[in-house]
Every structure is written in structure tokens, then in C-alpha cells.
Amino acid sequence: MNILLTGGAGYIGSHTCVVLLEKEHHVIVVDNLCNSKFEAIKRVEAITGKKVIFYQEDLRNTPGMDAIFRNNAINAVIHFAGLKSVAESVARPLDYYGNNINGTLSLCSVMAAHGVKNLVFSSSATVYGDPEVVPADETAPVRPFNPYGRSKLFIEEILTDLHHSDLSWNIALLRYFNPVGAHPSGRIGEDPSDIPNNLMPYIARVAVGRLSELNVYGDDYDTPDGTGVRDYIHVMDLAEGHLKALEKLATNSGLVTYNLGTGKGFSVLEMVAAFKRASGKPIPYKIVGRRPGDVATCYANPSLAGRELCWTARRGIDEMCADAWQWQSMNPGGYGETG
Ligand code: NAD
Ligand code: UD1
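Take any residue in the sequence shown, count from 1 to its spot, add 182: that is its number in the working numbering.
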């Protein structure tokens, strides 16, 4: 199949490129490189020995997107492109709604014009907000509490309306839990441009000596060791979930929603210990106050994806940390200025 990946140069997109190319799919990437580097695409090609067709384009440029669809016989789209920082979304809500929602509207209008109606969308466990019951399944109430999370929920609703207006659209809404780790080659991985907001890239930079210590946001939660508990999922497991979702759409699935998580929660201190084991490096940390907007515990019930996609996350936290460390230690400056 010819598969278009929006945001395919980013963290999850680049790993998904590898999985798709290894399954002999043709991959076309559209990315404006606002949060990624072309170097990631070069490395995907080096890992797989296959070509990626790359367009540096903004999704909101509808004529530009139209030209890409005219020049490539696209069968399905995986829509990763979007802005993803919670803190930034609180400070700049219009940029977040503008980019994430208008980008999706532009993409879908071009897809409709070209009769391409198979779409996988990157949603997030953040749509559940603070889940009343864990593990959270797909029927849990959705009530995100920041503009980033609301942009994901609004897009889910727009895509649901689109499907209802024309039942020939096949759409998979994938709610990712906490993606971490890297390709085992260590050649691609997560490369935040600023000081990382998320736990794993922060720990990795402490281990490699780029940051001096980790701030642990609160040890007074109602969890076994008092620190926040999350469902960390290896990015390669997540990437494989996209392949399974595409296979599902090919059966004329209609609209489907799946949690992609492991079903297991680990605390901040458990992740610090696992990273220390994997890297052999000290991870100095200090306990500080809670981060506003954080929840105590969030992990998935991923059994629907297990039943309907035949997909289960296979990699544990030791492998997640070992692969994250491989990437970080081989690329202490990330992709650098090479792209
Ligand atoms: P990322 O920032 O690494 O990748 C997103 C890519 O989209 C980047 O390469 C960026 O340059 C591109 N992009 C953004 N706006 C664009 C636009 N208007 N036109 C073209 N390209 C554009 O992020 P990621 O971690 O790979 O996340 C991928 C998707 O998954 C995002 O939609 C994100 O919200 C979602 N998600 C991520 C996580 C996570 O923890 N990483 C969790 C849940 C959901
Ligand atoms: C965050 C976002 C969420 C987004 C997800 C994936 C917030 C409030 N939530 O989720 O919307 O979908 O990232 O990108 O930002 N922690 C520390 N020190 C740090 C960083 C994190 O102790 O320097 C703790 C957090 O308090 C939390 C855990 O580590 O308990 C995981 O944090 P993080 O990786 O940021 O993910 P989430 O908070 O789950």
C-alpha cells in the first residue's frame, strides 16, 4: 500500500515509517519540520535500506496537500502531525487549536476530494483527563483539562461526524498512553528541542550528563510510593499498533477507537530505577511540588485492541529504558544541526 504519514519525521512517525517500510509498504511523509529534523528521515532510510518520499509542507496549505495527493496514489493516511506540549497549549491555545484542528480539516478535505477514506488518527489518553477508574477502557468518560487534550477530543468528534456523514470512511482513533524508548538500533529516537517536559527524555538527559538532576513532581499521591503512575509503552510496540490499525481499516471497519497501552502502571521512581539499571549511570533526583494538571494514576485497559487488532504491547520497561539509553548515548545531542 501507499501510505501517507503526516508528521512522519517526528518521534512516533519516524518509528512507524520503519515498521511500514519493513512490511514492504510505500511511505510518503508530509511534515513541516516545526518539531523535527529531516535527519530522522535519512536515518529511517539507512535503517531499512528503503526510500521515503518526503514533502516539507504544512497540512494547512490545502493546495500544497492537494498536489501531493495528485502526484501519489495514496491508499491510507496516518495522521501524526500536531503540536503536543500541554504547557505550551495553555499559553498559546489559538496556535494549538489552529494547527491541530485546521491541519486536520485541510487534510480531510483533500482526502475526500481524492476519494481516500482510510485514516488512522493519533489521539491520546489525555482525553480521559483524570480517569475515575483504572485501568481506563475506551468507554471511560472523556474530559480533557487542557487545550492540547481538548484539541485531540475535538478532532475525534470531527472525525466521528465525518464518518457519520459518509459511512465509507474507515477511521481508527488511537489513544496512546505514554510512548517511550527508541528503535533498538539507537539511530532514531525522541529528540525534544527544548528542556524535555516528559519524564523519560528528561531522565535520559540526566543520565547522559546534559541535565544535572531530575525534579520528581510530588511524592504525596495516593500511589504505592507516592509518585505518579503511568502506562509507559515502547514506541516500537506503538508503531506496530499502527500497522494493525491499517489492517483493520482494510476490512471496512468503519469508525473504531482503541487504547494503545500496556495495561501496567509504573511510578516515577520505578522508572528512575529501571533507567539506572539499563544505563549503569546515576540518576540524581529531588522531590519537588506536584506539577499542575498532573493526575496520580493513569493506565490503560488495552484488551479491545488485543481482541480486535490482535495487538498487544510486548516490550517491558527494561527494554524501553535500554533502547532509550542506546539512542541517547549514541546521540547525546539528538539529531543535532544536521537536518
Ligand atoms: P512530534 O512532535 O515528534 O511529531 C509531530 C510531527 O508533526 C513533527 O514532526 C512536526 O514537525 C509535525 N507537524 C506539526 N504540525 C504540522 C503541520 N501543521 N503540518 C505538517 N507537519 C506538522 O510528536 P510525536 O510524539 O511523534 O506525536 C505524534 C502524534 O501523537 C501527535 O499528534 C501527538 O499529539 C500524539 N501523541 C503523542 C504522545 C507522546 O507522548 N509523544 C502521546 C499521545 C499522543
Ligand atoms: C503528559 C501530558 C499529557 C500527554 C503526555 C504525553 C501533562 C499534564 N500531561 O502526560 O497530556 O498526553 O505527557 O506526551 O503534561 N514527571 C516528573 N518529572 C519530570 C517529568 C515528569 O516527576 O521532569 C512525572 C509526572 O509528574 C508524571 C510522570 O512523570 O507523574 C509522567 O510524566 P510525563 O512523561 O510528562 O507524562 P504525563 O504526565 O502522563
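Glycine included, every Cβ here is placed at the ideal spot set by N, Cα and C.
The structure presented is a predicted model; accordingly, all values stated were derived computationally and were not measured.
{"query": "Proximity below 8 Å, CB of Val209 to CB of Thr188", "result": "no"}
{"query": "C-beta contact flag for Ala482 and Gly423 at 8 Å", "result": "no"}
{"query": "Range of the contiguous beta strand (DSSP E) that encloses Phe527", "result": "The structure shown has nothing for residue 527, since the chain only spans 183 to 521."}
{"query": "3 or more residues per run - each beta strand (DSSP E) lying fully within the segment 361 to 449", "result": "396 to 399, 414 to 416 and 437 to 442"}
{"query": "Beta strand (DSSP E) segment containing Ala303, residue limits", "result": "The sequence given here places Phe at residue 303; Ala does not occur at that position. Asn300 to Ser306 is the extent of the beta strand (DSSP E) around Phe303."}
{"query": "Stretch pair the segment 362 to 371 + the segment 190 to 202: three plus CB contacts closer than 8 Å", "result": "yes"}
{"query": "Secondary structure of Gly521, DSSP reduced to three states", "result": "Reliability of the predicted coordinates at Gly521 is poor, the pLDDT of 37 falling under 50, and the value obtained from them is presented with this limitation in mind. Coil, per DSSP."}
{"query": "Contained alpha helix (DSSP H) runs [length at least 4] in the segment 269 to 335, N- to C-terminal order", "result": "275 to 279 and 285 to 295"}
{"query": "For Ala258, the first and last residue of its enclosing alpha helix (DSSP H)", "result": "Careful: Ala258 lies outside any alpha helix (DSSP H), inside the beta strand (DSSP E) at Ala258 to His261."}
{"query": "Tyr414 versus His346, Tyr467 and Gly498, residue with shortest Cα-Cα distance", "result": "Gly498"}
{"query": "Assigned exposure category for Thr520 - 16 Cβ within 10 Å defines buried", "result": "For Thr520, the pLDDT reaches just 45, beneath the cut-off of 50, and the residue's location in the model is therefore unreliable, although a value from the coordinates is still provided. So Thr520 ends up on the exposed side."}
{"query": "Exposure of Gly462, with buried meaning 16 or more beta-carbon neighbours within 10 Å", "result": "exposed"}
{"query": "Inter-stretch contact (C-beta, 8 Å, three-pair minimum) for the segment 297 to 316 and the segment 423 to 437", "result": "yes"}
{"query": "Inter-stretch contact (C-beta, 8 Å, three-pair minimum) for the segment 224 to 239 and the segment 264 to 274", "result": "no"}
{"query": "Every unbroken beta strand (DSSP E) within the segment 188 to 214, with a cutoff of 3 residues, ordered by chain", "result": "208 to 213"}
{"query": "Residue from Val388, Arg412, Ala487 and Thr405 whose Cα sits closest to the Cα of Lys468", "result": "Val388"}
{"query": "His416 burial status per 10 Å Cβ neighbour count (16 or more: buried)", "result": "buried"}
{"query": "Secondary structure of Thr494, DSSP reduced to three states", "result": "coil"}
{"query": "Closer than 7 Å: Ile415 CB and nearest ligand 4 heavy atom", "result": "The ligand content of the structure shown is limited to ligand 1 and ligand 2, which means ligand 4 is not among them."}
{"query": "Any 3 or more C-beta pairs closer than 8 Å across the segment 376 to 384 and the segment 236 to 244", "result": "no"}
{"query": "Best match in Leu437, Arg392 and Gly400 for proximity to Ser350 [C-alpha to C-alpha]", "result": "Leu437"}
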